[in-house]
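Taking it in order: structure first as structure tokens, then the write-up.
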Amino acid sequence: MKPIEIAKDIFWVGCIDWNIRDFHGYSTYQGSTYNSYLILDDHVTLIDTVKKAFADQLIANISQVIDPKKIEYVVSNHTEMDHSGGLARVMHKVGEDKPLYCSKVGHKNLSMHFHKNWNYQPVENGGELILGKRSLTFLETRMLHWPDSMFSYVKQERLLFSSDAFGQHYAGLERFDDQIGEKIMPHARKYFANILLLYSPLILDLVAKVTDMKLALDMVCPDHGIIWRSDPSKIIKAYVEWSEQKPKRKALVVYDTMWESTEKMAHAIVEGLGKDGVEAVPMHLRKWHRSDIITEVLDAGAVIVGSPTLNNGLFPTVSDFMTYMKGLRPKNKIGAAFGSYGWSGEAVKLINSQLEAMKFDVIDPGITTQFVPDEKGLEQCFELGRKIARALPE
Ligand code: FEO
8 MKPIEIAKDI
18 FWVGCIDWNI
28 RDFHGYSTYQ
38 GSTYNSYLIL
48 DDHVTLIDTV
58 KKAFADQLIA
68 NISQVIDPKK
78 IEYVVSNHTE
88 MDHSGGLARV
98 MHKVGEDKPL
108 YCSKVGHKNL
118 SMHFHKNWNY
128 QPVENGGELI
138 LGKRSLTFLE
148 TRMLHWPDSM
158 FSYVKQERLL
168 FSSDAFGQHY
178 AGLERFDDQI
188 GEKIMPHARK
198 YFANILLLYS
208 PLILDLVAKV
218 TDMKLALDMV
228 CPDHGIIWRS
238 DPSKIIKAYV
248 EWSEQKPKRK
258 ALVVYDTMWE
268 STEKMAHAIV
278 EGLGKDGVEA
288 VPMHLRKWHR
298 SDIITEVLDA
308 GAVIVGSPTL
318 NNGLFPTVSD
328 FMTYMKGLRP
338 KNKIGAAFGS
348 YGWSGEAVKL
358 INSQLEAMKF
368 DVIDPGITTQ
378 FVPDEKGLEQ
388 CFELGRKIAR
398 ALPE
């Protein structure tokens with residue numbers, strides 16, 4: 008896609024990855040973009056690069072605006088390879104001696120990734136770089152979502168280059184929120200749930216800090232997906248809401264099954280939840296991708312997990328899901344476990360202990376069924392659903 012002038016003399020020169028479907032375990036079923044931005048001023052500046060495989064495309068995009076050798080400053084807001092994989096190619100093209108601005112941790116991390124003695128210029132939080140008519144102010148955003156992460160702000164255009172924050176994995180020809188409308192929000196929500204959920208407390212602190220600074224924002228330019236220009240406050244408000252993790256009357260019954268017994272239990276629990284007006288969905292772990300389940304976990308008040316016992320342990324997909332969910336540290340959840348077994352039946356205890364370790368409110372010892380659940384067993388599952396429904400906030 009050709010470069011786009013997003014503000015006077017500021018260009019999007021990024022690349023669209025139409026084909027990526029797996030982003031380190033996150034299902035990117037509508038691709039992604041790697042956004043890079045070029046600022047034409049007395050000192051021409053490039054903000055972030057792209058994944059290594061797209062480096063030539065980035066350079067071709069820049070060349071449509073200006074000779075890449077005229078770039079004087081390169082800014083790396085984040086070391087992760089989807090934004091700095093193309094850095095070696097870019098530095099080679101623009102000149103290995105050109106100043107490379109990054110956070111102090113970015114300096115360390117880029118050095119360990121590239122083992123190059125580039126002209127690093129580590130910046131302080133609040134540090135300013137004069138480009139000519141405009142300047143860049145750097146804001147450290149440690150652990151959002153890497154220790155090196157930072158934002159770069161152009162006060163003259165009231166424009167924030169926000170790195171991964173406020174991004175979305177979405178490949179499309181639209182470059183701005185007003186070109187796509189509400190359709191982008193599920194992608195932003197999924198991105199938050201899978202990349203940023205564990206940093207929710209830091210996000211709330213950051214938004215409070217930025218609010219105190221009265222940072223005027225006309226445009227928020229993330230490194231993935233569309234740019235927020237019609238109402239940047241919309242995505243910021245959404246981040247606050249998502250970070251608060253207020254539980255809804257919504258429950259997920261996440262399970263796998265070997266011979267449909269655990270599945271029968273899952274469906275009975277869903278029916279019990281639904282009886283009392285809870286929005287409830289059975290989520291079979293080989294039908295739903297873990298990253299789509301986590302997106303629904305975001306505002307669910309309860310997560311009920313079911314597993315058959317396989318070889319004295321959990322079914323592998325259930326282990327995968329529990330590990331993934333643990334890492335993302337969801338808060339304010341009720342939890343419970345269920346599962347069918349043949350002769351040992353450890354799964355429910357294992358799930359309970361993992362849910363407790365994640366600080367879920369485990370309100371029931373859980374339900375086990377030997378082999379195929381009978382009517383009584385299914386009734387117990389139904390009642391578990393109703394018990395959880397009564398415990399969920401109105
Ligand atoms: Fe889009 Fe943390 O990289």
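For the sequence shown, the working numbering gives the first residue as 8, with consecutive numbering after it.
Backbone N, C-alpha and C define an ideal beta-carbon position, used for all residues, glycine too.
Shown here, residue 126 sits in a strand according to DSSP, grouped into three states.
Sequence-distant partners of residue 195 (beyond 5 residues in either direction) whose C-beta falls short of 8 Å from its own C-beta, in its chain, are 173, 174, 175, 232, 242, 245.
Considering only 372, 364, 335, the residue with the shortest C-alpha distance to residue 346 is 372. Look at residue 283: its beta carbon is at least 8 Å from all of the heavy atoms in ligand 1. For residue 375, the enclosing beta strand (DSSP E) has its first and last residue at 374-377. For residue 261 against residue 312, the beta-carbon gap comes to about 5 Å, under 8 Å, which counts as contact.
CA-to-CA, the gap between residue 323 and residue 369 works out to about 22 Å. Of the residues 96, 400, 303, 84, the one whose Cα lies closest to the Cα of residue 60 is 96. A residue is listed when its beta-carbon falls short of 5 Å from at least one non-hydrogen atom of ligand 1; in chain order these are 87, 89, 171. With respect to residue 68, residue 101 sits apart: the two C-beta atoms are not nearer than 9 Å.
A Cβ-Cβ distance of about 14 Å is found for the pair residue 376 and residue 353, leaving them out of contact under the 8 Å criterion. A distance below 9 Å separates the beta carbons of residue 204 and residue 305. For residue 90, the enclosing alpha helix (DSSP H) begins and ends at 88-91. Secondary structure of residue 178 (DSSP, three-state): coil. By the Cβ-count criterion, residue 126 is exposed, with fewer than 16 other Cβ atoms from all chains shown falling within 10 Å of its own Cβ. DSSP lists no bridge partner for residue 219. Taken through DSSP and simplified to helix, strand or coil, residue 40 comes out as strand. In the structure shown, residue 207 adopts helical secondary structure according to DSSP, grouped into three states. Separation of residue 152 and residue 350 (C-alpha to C-alpha, rounded to the nearest whole angstrom) is 44 Å. Judged by DSSP secondary structure, residue 229 falls within the beta strand (DSSP E) whose first and last residues are 226-229.
Scanning the stretch 274-313 from its first residue to its last, the whole beta strand (DSSP E) runs of 3-plus residues come out as 286-291, 307-313. Residue 137: member of the beta strand (DSSP E) spanning 135-137, first to last residue. 167 is the residue among 167, 378, 23 whose C-alpha sits nearest the C-alpha of residue 236.
Sequence-distant Cβ neighbours of residue 11 in its own chain, meaning closer than 6 Å and more than five residues away, are 19, 182.
According to the DSSP assignment, residue 106 belongs to the beta strand (DSSP E) that extends over 106-110.
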